[in-house]
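FYI, in the numbering used here the residues of the sequence shown are 26 to 384.
All residues carry an ideal CB built from backbone N, CA and C; glycine is no exception.
Everything on this sheet refers to the single structure shown next.
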Amino acid sequence: MFSLRSAISIYRKFLNFIFGKNINAVMPEGLLCSISEFQFEINRGDIVHPCVRYCEKPFMGHKWWLVYTPYYNADASLENPILCYGDFENEEAPIKWNAKSLIRDTPLHGHNSDPTLFFENDKLNIFWRENQTPRTEEDKLKRATYGIVLDELEIKDFNSPLLVEYQDNIDKEVSPTIIKHNGVYRAYSSHFRFRIDKLHPKNKQLDKAISKVFWALSLMEIFQEKKSFGVAIWESSSLERTFNYSKTVRIKNCNKLYRPWHFDFFEYDYKLYAIVQTNQFNANICLAVSEDYENFEMFSKPLITPESIKKTGIYKPTGLVVNDIFYLYYTAQDFENRMLNKMYLTNMVMTELLEKLNN
26 MFSLRSAISI
36 YRKFLNFIFG
46 KNINAVMPEG
56 LLCSISEFQF
66 EINRGDIVHP
76 CVRYCEKPFM
86 GHKWWLVYTP
96 YYNADASLEN
106 PILCYGDFEN
116 EEAPIKWNAK
126 SLIRDTPLHG
136 HNSDPTLFFE
146 NDKLNIFWRE
156 NQTPRTEEDK
166 LKRATYGIVL
176 DELEIKDFNS
186 PLLVEYQDNI
196 DKEVSPTIIK
206 HNGVYRAYSS
216 HFRFRIDKLH
226 PKNKQLDKAI
236 SKVFWALSLM
246 EIFQEKKSFG
256 VAIWESSSLE
266 RTFNYSKTVR
276 IKNCNKLYRP
286 WHFDFFEYDY
296 KLYAIVQTNQ
306 FNANICLAVS
316 EDYENFEMFS
326 KPLITPESIK
336 KTGIYKPTGL
346 VVNDIFYLYY
356 TAQDFENRML
366 NKMYLTNMVM
376 TELLEKLNN
């Protein structure tokens, strides 16, 4: 029987053809990852927003570290960063992880999200975003990125937020990554508009009806209330100070059907690469590159697609190059259980990957 889902699928294929969207993924389907049970009765082992980092010198006895948040059944109250460690398995990145500790618990209101890791001077800096929490209210902000620094002896909170956002419906600090470039700390994040206030009436019933119309128009690519402005770049001389917002750059060669939502960034061969979740929903994972650490150009071919991995609900990826191998972690959902997000790992020799993307 012909269903609405079938009609939407056909229409999406039509849009892909019209806008020249490449759907030929270049990386293989990933292996399922596991994490030792941590508050399993609450989060059911759900994994989203992963950030994986590798340190050549072992930190607390381990070289591989992961931070993530659960999001089981789309429950934002579960989005609390959990730190994990892993070890090489047959000289490859780990698929088995051990939970170490909860970094920040559920706030009284609002929620956490988007954790990221940054190693420096034998210390592990852990950052996460807070959305309209008591802490952001105290700082007179709508959203902000906060952090702690962890070493062998102690855990210390940063006194100031790292990134700040004052606006309700636009956010410049979604899914941040921290690096140090030419002696300056930089944050790269997603700059995104969630809604246009003037298009929404105060009457709740009318607003609900209008929102449904916007959803349908968005599905048909006729009108997009949500908008990606690109990569926001922030700078600071110290992690102890709030970063200064520098600018936002659009990603070149970004398909018209893409509205980049979450990123992760890594350095390789004196270039900065962005791993891109192309849309908030129905996403592919793509790669973009910058030679000057500011202007990014996306490769047309995706790394993975829902079709290539036979999953749905692809969300924020993370990745890095170790020993010339590119490791990509991503989360996705099974079609028969959309409530649970699982994490997968795929990899490819970086030179081979770049050759596939360029040909």
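Nearest-angstrom Cβ-Cβ length linking residue i and residue j, presumed shorter than 8 Å
| i | j | result |
| --- | --- | --- |
| Thr343 | Cys76 | 5 Å |
| Ile72 | Asn366 | 6 Å |
| Trp89 | Gly111 | 4 Å |
| Leu187 | Tyr171 | 7 Å |
| Trp259 | Ser271 | 6 Å |
| Ile128 | Pro327 | Actually they are not in contact, since the Cβ atoms of Ile128 and Pro327 sit about 32 Å apart, beyond 8 Å. |
| Tyr295 | Val314 | Between Val314 and Tyr295 the Cβ distance is about 11 Å, and since that is not below 8 Å, they are no contact. |
| Phe290 | Ile204 | 7 Å |
| Phe254 | Leu149 | Not confirmed; about 31 Å, so no contact. |
Between the CA atoms of residue j and residue i - distance to the nearest angstrom
| i | j | result |
| --- | --- | --- |
| Glu179 | Ile173 | 10 Å |
| Asn41 | Tyr283 | 11 Å |
| Leu370 | Glu377 | 17 Å |
| Ser126 | Ile33 | 42 Å |
| Asp100 | Arg69 | 12 Å |
| His136 | Val199 | 13 Å |
| Phe324 | Phe351 | 16 Å |
| Val346 | Met375 | 7 Å |
| His216 | Arg275 | 10 Å |
| Pro53 | Ala124 | 27 Å |
| Asn184 | Lys165 | 15 Å |
| Thr202 | Met364 | 27 Å |
| Ile235 | Cys109 | 43 Å |
| Asn269 | Ala118 | 34 Å |
| Asn384 | His134 | 49 Å |
| Thr267 | Ser261 | 7 Å |
| Asp232 | Ile35 | 29 Å |
| Val301 | Tyr354 | 12 Å |
| Gln64 | Asp139 | 19 Å |
| Glu145 | Trp122 | 22 Å |
| Lys391 | Thr141 | Missing from the structure shown is residue 391; the chain here goes from 26 to 384 and no further. |
| Asn390 | Thr273 | In the structure displayed, the chain extends from 26 to 384; residue 390 sits before or after that span and is not available. |
| Glu472 | Met373 | The question about residue 472 has no answer here: the residues shown for the chain are numbered 26 through 384. |
Residue i classed as buried or exposed, judged by whether at least 16 other C-beta atoms fall within 10 angstroms
| i | result |
| --- | --- |
| Trp240 | exposed |
| Pro226 | exposed |
| His206 | exposed |
| Ala169 | buried |
| Val209 | exposed |
| Val238 | exposed |
| Phe143 | buried |
| Glu432 | Nothing in the structure corresponds to residue 432, since the chain is present only between 26 and 384. |
| Thr167 | Reading off the sequence, residue 167 comes out as Lys, not Thr. So Lys167 counts as buried. |
Min CB distance residue i to chain B below 7 Å
| i | result |
| --- | --- |
| Asn98 | Going by chain labels, chain B is absent from the structure shown, which holds only one protein chain. |
Is the region 244-261 touching the region 215-230 in the sense that three or more CB pairs, one from each, lie closer than 8 Å? Yes: at least three Cβ pairs fall under 8 Å.
With three or more beta-carbon pairs closer than 8 Å as the criterion, would you say the region 303-315 touches the region 334-354? Enough Cβ pairs lie closer than 8 Å, so yes.
Run through the region 59-129 for me and flag every whole beta strand (DSSP E) of 3 or more residues, listed as ranges in chain order. Counting only runs of 3 or more residues that sit fully inside the region 59-129, the beta strand (DSSP E) segments are 73-84, 87-94, 107-111, 121-127, in chain order.
Just to confirm the assignment: which complete beta strand (DSSP E) runs, minimum length 3, are found wholly within the region 251-333? Fully enclosed beta strand (DSSP E) runs of no fewer than 3 residues occupy 252-261, 269-274, 287-293, 296-302, 310-315 of the region 251-333, in order along the chain.
Within 8 Å, do at least three Cβ pairs link the region 34-48 to the region 273-289? Contact between the region 273-289 and the region 34-48 is present: three or more C-beta pairs spanning the two stretches fall below 8 Å.
The region 59-74 / the region 88-103 touching (three or more Cβ pairs under 8 Å): Yes, since at least three Cβ pairs between the region 59-74 and the region 88-103 fall closer than 8 Å, the two stretches touch.
Return the chain-ordered ranges of every beta strand (DSSP E) run that is complete within the region 139-181 and spans a minimum of 3 residues. Entirely contained in the region 139-181, the beta strand (DSSP E) runs reaching 3 residues are, in chain order, 148-156, 168-175.
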